[in-house]
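Asker:
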Amino acid sequence: MSDAELASEVEKRAVFARLTPLQKTRILQALQKNGHTVGFLGDGINDAPALRDADVGISVDSAADIAKESSDIILLEKDLMVLEEGVIKGRETFGNIIKYLNMTASSNFGNVFSVLVASAFIPFLPMLAIHLLIQNLMYDISQLSLPWDKMDKEFPA
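Letter by letter, the sequence shown follows residues 18 to 174 in the working numbering.
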(Lines of atoms letter the chains of each structure in order from A; the text may use other names.)
(Lines give C-alpha, C1' and ligand atoms only; values in the text may rest on other atoms or scores of the structure.)
Protein backbone atom coordinates (compact mmCIF):
# COMPACT_ATOMS: atom_id res chain seq x y z
CA MET A 18 0.00 0.00 0.00
CA SER A 19 1.42 3.39 -0.96
CA ASP A 20 1.80 6.24 1.52
CA ALA A 21 -1.04 8.19 -0.13
CA GLU A 22 -3.41 5.22 0.11
CA LEU A 23 -2.39 4.63 3.72
CA ALA A 24 -2.99 8.29 4.60
CA SER A 25 -6.50 7.96 3.20
CA GLU A 26 -7.23 4.64 4.91
CA VAL A 27 -6.08 5.69 8.40
CA GLU A 28 -8.77 8.37 8.41
CA LYS A 29 -11.45 5.72 7.88
CA ARG A 30 -10.28 3.27 10.57
CA ALA A 31 -10.29 3.45 14.36
CA VAL A 32 -8.52 0.21 15.38
CA PHE A 33 -5.39 -1.39 13.98
CA ALA A 34 -4.39 -4.89 15.15
CA ARG A 35 -1.64 -7.43 14.53
CA LEU A 36 0.85 -4.94 13.12
CA THR A 37 4.56 -5.23 12.60
CA PRO A 38 6.82 -2.48 14.00
CA LEU A 39 7.22 -1.02 10.49
CA GLN A 40 3.45 -0.93 9.95
CA LYS A 41 2.94 0.81 13.30
CA THR A 42 5.48 3.46 12.36
CA ARG A 43 3.94 3.99 8.92
CA ILE A 44 0.47 4.44 10.42
CA LEU A 45 1.81 6.93 12.96
CA GLN A 46 3.57 8.92 10.26
CA ALA A 47 0.45 8.87 8.04
CA LEU A 48 -1.66 10.23 10.90
CA GLN A 49 0.93 12.92 11.63
CA LYS A 50 1.04 13.93 7.96
CA ASN A 51 -2.75 14.28 8.07
CA GLY A 52 -2.36 16.82 10.88
CA HIS A 53 -3.16 14.63 13.87
CA THR A 54 -1.33 14.65 17.18
CA VAL A 55 -0.57 11.00 17.80
CA GLY A 56 -0.19 9.16 21.09
CA PHE A 57 0.95 5.55 21.15
CA LEU A 58 0.61 3.09 24.04
CA GLY A 59 3.01 0.17 23.98
CA ASP A 60 4.89 -2.14 26.30
CA GLY A 61 7.07 -4.41 24.20
CA ILE A 62 10.31 -4.32 22.29
CA ASN A 63 8.37 -4.22 19.01
CA ASP A 64 6.62 -1.02 20.14
CA ALA A 65 9.83 0.98 20.69
CA PRO A 66 10.07 2.54 17.18
CA ALA A 67 6.43 3.66 17.28
CA LEU A 68 6.81 4.98 20.84
CA ARG A 69 9.80 7.04 19.72
CA ASP A 70 8.07 8.40 16.58
CA ALA A 71 4.74 9.26 18.24
CA ASP A 72 4.09 12.78 19.49
CA VAL A 73 3.46 11.24 22.92
CA GLY A 74 4.81 7.77 23.67
CA ILE A 75 3.13 6.05 26.62
CA SER A 76 4.16 2.84 28.35
CA VAL A 77 3.50 1.15 31.68
CA ASP A 78 5.93 0.49 34.51
CA SER A 79 5.98 -3.25 33.77
CA ALA A 80 6.98 -2.68 30.12
CA ALA A 81 10.25 -3.77 28.55
CA ASP A 82 13.17 -1.48 29.34
CA ILE A 83 13.57 -0.34 25.73
CA ALA A 84 9.87 0.58 25.60
CA LYS A 85 10.18 2.63 28.79
CA GLU A 86 13.29 4.40 27.46
CA SER A 87 11.47 5.27 24.21
CA SER A 88 8.40 6.61 26.03
CA ASP A 89 7.59 10.17 27.03
CA ILE A 90 5.21 9.05 29.79
CA ILE A 91 5.43 5.95 31.98
CA LEU A 92 2.22 5.02 33.78
CA LEU A 93 2.77 3.52 37.23
CA GLU A 94 -0.77 2.10 37.19
CA LYS A 95 -2.44 0.18 34.38
CA ASP A 96 -5.22 2.74 34.10
CA LEU A 97 -5.60 5.42 31.42
CA MET A 98 -7.60 7.66 33.77
CA VAL A 99 -4.28 8.50 35.44
CA LEU A 100 -3.16 9.93 32.11
CA GLU A 101 -6.25 12.13 31.84
CA GLU A 102 -5.74 13.45 35.38
CA GLY A 103 -2.08 14.16 34.61
CA VAL A 104 -2.94 16.13 31.47
CA ILE A 105 -5.53 18.19 33.35
CA LYS A 106 -3.11 18.93 36.21
CA GLY A 107 -0.40 19.85 33.70
CA ARG A 108 -2.71 22.30 31.95
CA GLU A 109 -3.75 23.82 35.28
CA THR A 110 -0.08 24.27 36.20
CA PHE A 111 0.65 25.83 32.82
CA GLY A 112 -2.30 28.21 33.22
CA ASN A 113 -1.15 29.24 36.70
CA ILE A 114 2.38 29.89 35.40
CA ILE A 115 0.97 32.10 32.64
CA LYS A 116 -1.13 33.98 35.23
CA TYR A 117 1.93 34.52 37.42
CA LEU A 118 4.05 35.74 34.50
CA ASN A 119 1.34 38.17 33.35
CA MET A 120 0.86 39.60 36.83
CA THR A 121 4.59 39.85 37.54
CA ALA A 122 5.34 41.52 34.21
CA SER A 123 2.57 44.07 34.68
CA SER A 124 3.62 44.77 38.27
CA ASN A 125 7.28 45.23 37.38
CA PHE A 126 6.41 47.35 34.34
CA GLY A 127 4.24 49.55 36.57
CA ASN A 128 7.06 49.96 39.08
CA VAL A 129 9.63 50.86 36.44
CA PHE A 130 7.28 53.19 34.57
CA SER A 131 6.18 55.08 37.70
CA VAL A 132 9.75 55.51 38.97
CA LEU A 133 10.97 56.73 35.56
CA VAL A 134 8.11 59.20 35.11
CA ALA A 135 8.40 60.50 38.67
CA SER A 136 12.19 60.82 38.35
CA ALA A 137 11.75 63.06 35.31
CA PHE A 138 9.68 65.60 37.26
CA ILE A 139 11.15 65.60 40.77
CA PRO A 140 14.78 66.19 41.77
CA PHE A 141 15.04 63.14 44.06
CA LEU A 142 14.35 59.41 43.76
CA PRO A 143 10.66 58.69 44.36
CA MET A 144 11.42 55.24 45.78
CA LEU A 145 14.63 53.92 47.21
CA ALA A 146 15.89 50.44 46.48
CA ILE A 147 14.71 49.23 49.90
CA HIS A 148 11.18 50.43 49.11
CA LEU A 149 11.13 48.50 45.85
CA LEU A 150 12.48 45.39 47.57
CA ILE A 151 9.85 45.54 50.32
CA GLN A 152 7.11 46.11 47.74
CA ASN A 153 8.29 43.14 45.68
CA LEU A 154 8.53 40.96 48.80
CA MET A 155 4.93 41.76 49.75
CA TYR A 156 3.85 41.11 46.16
CA ASP A 157 5.63 37.74 46.08
CA ILE A 158 4.04 36.70 49.38
CA SER A 159 0.62 37.41 47.90
CA GLN A 160 1.49 35.23 44.89
CA LEU A 161 2.06 32.15 47.06
CA SER A 162 -1.63 31.31 46.68
CA LEU A 163 -1.38 30.81 42.89
CA PRO A 164 -0.42 27.10 42.95
CA TRP A 165 -3.77 26.33 44.61
CA ASP A 166 -5.78 28.59 42.31
CA LYS A 167 -8.49 26.92 40.24
CA MET A 168 -8.48 27.49 36.50
CA ASP A 169 -11.22 29.42 34.76
CA LYS A 170 -13.73 27.39 32.75
CA GLU A 171 -12.65 29.25 29.59
CA PHE A 172 -9.12 27.86 29.90
CA PRO A 173 -8.75 24.80 27.64
CA ALA A 174 -8.74 21.66 29.73
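By construction, the Cβ of each residue, glycine as well, lies at the ideal position given by its N, Cα and C atoms. On a predicted model such as this, the values are computed, not experimentally measured, just so you know.
(1) Going by the CB atoms, is the gap between Asp-70 and Gln-46 shorter than 9 Å?
(2) Looking only at its chain, what residues have a beta carbon closer than 8 Å to the beta carbon of Pro-143, apart from the 5 residues adjacent to it on each side?
(3) So Leu-149 and Asn-128 are in contact, right, with Cβ under 8 Å, and what is the actual spacing, rounded?
(4) So who's on the other strand from Ser-76, going by DSSP bridges?
(5) Would Phe-57 be called buried (16 or more neighbouring beta carbons within 10 Å of its own) or exposed?
(6) Please classify Leu-58: does DSSP put it in a helix, a strand, or coil?
(7) According to the neighbour-count rule (16 or more other Cβ atoms, all chains shown, within 10 Å of its Cβ), is Ser-88 buried or exposed?
(8) Leaving aside the five residues before and after Leu-23 along the sequence, list all residues of the same chain whose C-beta is less than 8 Å from its C-beta, in chain order.
(9) Are Leu-163 and Lys-95 touching if we call contact CB-CB under 9 Å?
(10) Rounded C-beta distance between Ala-65 and Ile-90? I'm assuming under 8 Å.
(11) Is Asp-82 helix, strand or coil by DSSP?
(12) Whole angstroms is fine: what's the gap from Ser-123's alpha carbon to Tyr-156's?
Answerer: A quick look at the data gives this:
(1) yes
(2) Ser-131, Val-132, Ala-135 and Ser-136
(3) 6 Å
(4) Ile-91
(5) buried
(6) strand
(7) buried
(8) Arg-43, Ile-44 and Ala-47
(9) no
(10) So it is not a contact: roughly 15 Å between Cβ atoms.
(11) helix
(12) 12 Å
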